[in-house]
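Asker: There's a structure below that I have some questions on.
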Amino acid sequence: MQKGQSLIELLLTIALVSIFFPALLTGFASTRNNRAVKDQRQLATAYLNEAQEAIRVVRANGWSNLSPGTYHPIVSGSTWILTSGSELIDSNFTRQIVIENVNRDGNGNISQNGTLDPSTKLITISVSWDSPFPNSVSAASYLTRHDSNIHTDTTIADFSGTVQEVTVSATTGTSIPNDGQVQLSAGGGGNWCQPNLSITALDLPKSGVASAISAIEGKGFAGTGDNSSGISYASIAISNTHPPVATVSGTFDGFKTNDGIFGDADYAYLATDTNSKEVEIVDLTHITNGKYSEAGYFNAPGNGTGNSVFVLGSVGYMTSGNHLYTFDLSSKSGSRPQLGSVTLAGTGAKVYVVGNYAYVAISEETLELQIIQVSDGGRTLSIVGQADVNGHEATDVFVNSTGTRVYLATKSSSSQKEFFIIDVSTKTGSRPTVGSYEANGMSPKGVTVVTGNKALLVGTGGEEYQAIDISNETSPTRCGGLNIDSGVNGISSVLEQDGDTYSYIITGDTAAEFKIIEGPATNGTYTSPSFDAGSDVYFNSFTVNHIVPSSTLIQYEVAVAAAVNNSCSGVNFSYAGPFATSSALPSTTGNAAYQNPGRCIKYKVTFSTADPTQTPILYDISFNYSL
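With the sequence shown counted from 1, adding 14 to any position gets you my numbering.
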């Protein structure tokens, strides 16, 4: 029994050994292979680190050494250089350095599809091997020549360039001596809430009382109304200078112009008291001895006079008595044919047209506004909406560009307000009043809306020129005004392309009927002096320290050019941009005036705002450049 048991135990032992011994042998072999792989990876990593150090030396020896391509490092003399192609080390390791160009987007971020950044390269180093098993290690990094030289503008002295509607002032709360900043509202830019009459006034010819005013950029249109002793019409040229200069460029006579006038670049349209020519069309393209001539006219049916006139496209609009007429202006010459008409609830004091709707201020105590839909090229007029605000006669109307708000002025009332904001986002039916304002003794004759959510109300009695903050439509509030004892008979406002804002008023001052009141600047520019780097350099990028509140915008343009006669004076600069934020600068764009590399650099900053109470501010701007 014992001998039998021993045999069985021996057989079991042999069986177990046969099972576990191969596994033990495999484990021993795997350990040896892992150690070999680890050794190879460590060696490959050492070769990779060596290549990284070589690249740093190559970069230090000259940025031009980093051209796109595939390379490997070698020692030449006492330094590293790059030579083309990959290399085989120890008959097992393949090492290569791949250099690639880098692009950046408009915000300076690395992008696959941006603008070439010649001062940044993507470096990818890889080491691969085949024995004992295929494997590799790699590393990618960006090299730049940035942070080499910096030019910064930050002080008042640094910001010594050319300003247009911007100002350079001291920055408070910084440790930099005479630290400066640039922002909107230079050059005497006004404030709607602090109006003054200091900049421009003009005496119109003859002695009549002017009561009609309209304006576009660079030109005002004025006419008499209270009597016939003045001129029918005066064209006022207004310079785009600061302050603006107003001069009478020509006149037209023979009619008494009522409270309605409209003008464009080539023609003036006068609402007259002449029954046969309720609208007189004045040709402004030709002048003889300072006099303009009649181009055409519109004669409305029946007997009446023209109260107001408006032109949109090839359609003219005129109110006469309790009618609104449309007439054809596809041509301006001769008698212009009527297109359509509609009977109003009362006398049409003023008409304003936006899109396919005409908005008429009604001189009627039970209804002060009517909305007329215009279709079929002006041939079909249909009253679709109205507003009853205070039971007093309306005198003027203004409509915003989207046709969603009407701003209505009415005659003075001891018990009712005189200025109303009416919701016309829907045109049909009775339109609700959003907000209203008490004119405090003024009898309004004109209204306009200007930048910064301000309305300007003018008239006679009380404070004759009032600025109203309409930011909160439900509660319009006076924010400033002027006493003009002779009274204000009409107002028009202009936003110029360069951001200047003005209101033009017609007063009872027979010695200076036409006056200009300045509002705040909404656009402005700062152009730097040229910076001389001393030699040709590559301007890599710029960074800024600025604030840009909501409803404002700041943009940067940069110009790089070669020196002329070893100087940056007299250089013809051509700008690249605009850039909204800090950005990498492009290389030469093909425009010979813009060169990068170059020796000379200038920049231009454009400031703009949709809310004149806010402005972007530039505190610092820095340019990075490399030899």
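All C-beta atoms, glycine included, are put in the ideal place defined by N, C-alpha and C. Nothing here was measured: the structure is a model prediction, and the numbers come from that model.
1. Return yes when the Cβ of N272 is within less than 8 Å of the Cβ of T286, no when it is not.
2. Determine which residues share a DSSP beta bridge with A229 and list them.
3. Judging by CA-CA distance, which residue of H256, S349, S140 and P534 is the nearest neighbour of P6?
4. So, G513 versus N486, is the Cβ gap smaller than 8 Å?
5. In whole angstroms, give me the CA-to-CA distance for S702 and W94.
6. Tell me whether Y644 is buried or exposed, calling it buried when 16 or more other Cβ atoms sit within 10 Å of its Cβ.
7. Quick check: the segment 133 to 143 against the segment 163 to 170, are there 3 or more CB pairs under 8 Å?
8. Taking the C-alpha atoms as reference points, what is the distance between P82 and P132?
9. Look up Q197 in the DSSP assignment and give the residues it is bridged to.
10. Taking three-plus beta-carbon pairs below 8 Å as touching, is the segment 573 to 581 in contact with the segment 607 to 623?
11. Name, in chain order, the residues that DSSP records as bridge partners for C614.
12. Could you tell me which residues DSSP puts in a beta bridge with S249?
13. Please state if the CB of V262 and the CB of A248 are separated by a distance shorter than 8 Å.
14. Which same chain residues end up closer than 6 Å to R393 when comparing Cβ atoms and leaving out the 5 residues on each side of it in sequence?
15. Taking only three categories from DSSP, how would you classify V502?
16. Between which residues of its own chain and Q197 is the CB-CB distance below 6 Å, once the five residues before and five after are set aside?
17. Look up D53 in the DSSP assignment and say whether it is helix, strand or coil.
18. Quick check on E643: does DSSP put it in helix, strand or coil?
19. If you draw a straight line from the alpha carbon of D499 to that of T521, how long is it in whole angstroms?
20. Which two residues bound the contiguous beta strand (DSSP E) that contains P132?
21. Taking the alpha-carbon positions, what's the L218 to E231 distance?
22. Give me the residue from L136, T138, G204 and Y61 with the minimum Cα distance to G466.
23. Helix, strand or coil for L62 per DSSP?
24. Within this structure, are the beta carbons of G310 and S344 separated by less than 8 Å?
25. Out of F312, T299, Q208 and S183, state which residue places its alpha-carbon closest to the alpha-carbon of N289.
26. Quick one: grab the DSSP three-state call for D390.
27. For Y366, decide whether its Cβ has a neighbour in chain B, counting only Cβ atoms nearer than 8 Å.
28. Is there contact here, the segment 169 to 177 with the segment 488 to 507, by at least three beta-carbon pairs under 8 Å?
29. Count the other C-beta atoms from every protein chain shown that fall within 10 angstroms of the C-beta of K52, then say buried if there are 16 or more, exposed otherwise.
30. Would you report the Cα separation of L326 and L211, rounded to the nearest angstrom?
31. Need the endpoints of the beta strand (DSSP E) that I531 sits in, please.
32. In its own chain, which residues sit with a C-beta less than 7 Å from the C-beta of Y589, not counting the 5 before and 5 after it?
33. Measuring straight from C-alpha to C-alpha, what distance separates S622 and V182?
34. State the DSSP-derived secondary structure class of N317, mapped to helix, strand or coil.
35. Would you call E114 buried or exposed, if buried means 16 or more other Cβ atoms sit within 10 Å of its Cβ?
Answerer: Looking at the coordinates:
1. yes
2. Paired residue(s): G234.
3. Because the chain in this structure spans residues 15 to 641, residue 6 falls outside the shown range and cannot be described.
4. no
5. For residue 702 there is no data in the structure shown, the boundaries of the chain being 15 and 641.
6. The structure shown does not extend to residue 644, since the chain is modelled only from 15 to 641, so the question has no answer here.
7. no
8. 11 Å
9. Per DSSP, the beta-bridge partners of Q197 are T181 and I631.
10. Enough Cβ pairs lie closer than 8 Å, so yes.
11. Beta-bridge pairing links C614 to D546 and A575.
12. F235 and G264
13. Closer than 8 Å, so yes.
14. L353 and G354
15. strand
16. T629 and I631
17. helix
18. Since the first and last residues shown for the chain are 15 and 641, residue 643 lies out of range.
19. 9 Å
20. Note, P132: beta strand (DSSP E), T129 to W143.
21. Distance from the CA atom of L218 to the CA atom of E231, rounded to whole angstroms, is 19 Å.
22. Across the set L136, T138, G204 and Y61, the C-alpha of G204 shows the shortest separation from the C-alpha of G466.
23. helix
24. no
25. F312
26. helix
27. Here chain B cannot be found, since the structure has a single protein chain.
28. no
29. Counting Cβ neighbours within 10 Å, K52 comes out exposed, since fewer than 16 surround it.
30. Those two C-alpha atoms are separated by around 32 Å.
31. F528 to E532
32. E571, V572, A573 and K618
33. Counting only the Cα atoms, V182 lies some 16 Å from S622.
34. coil
35. exposed
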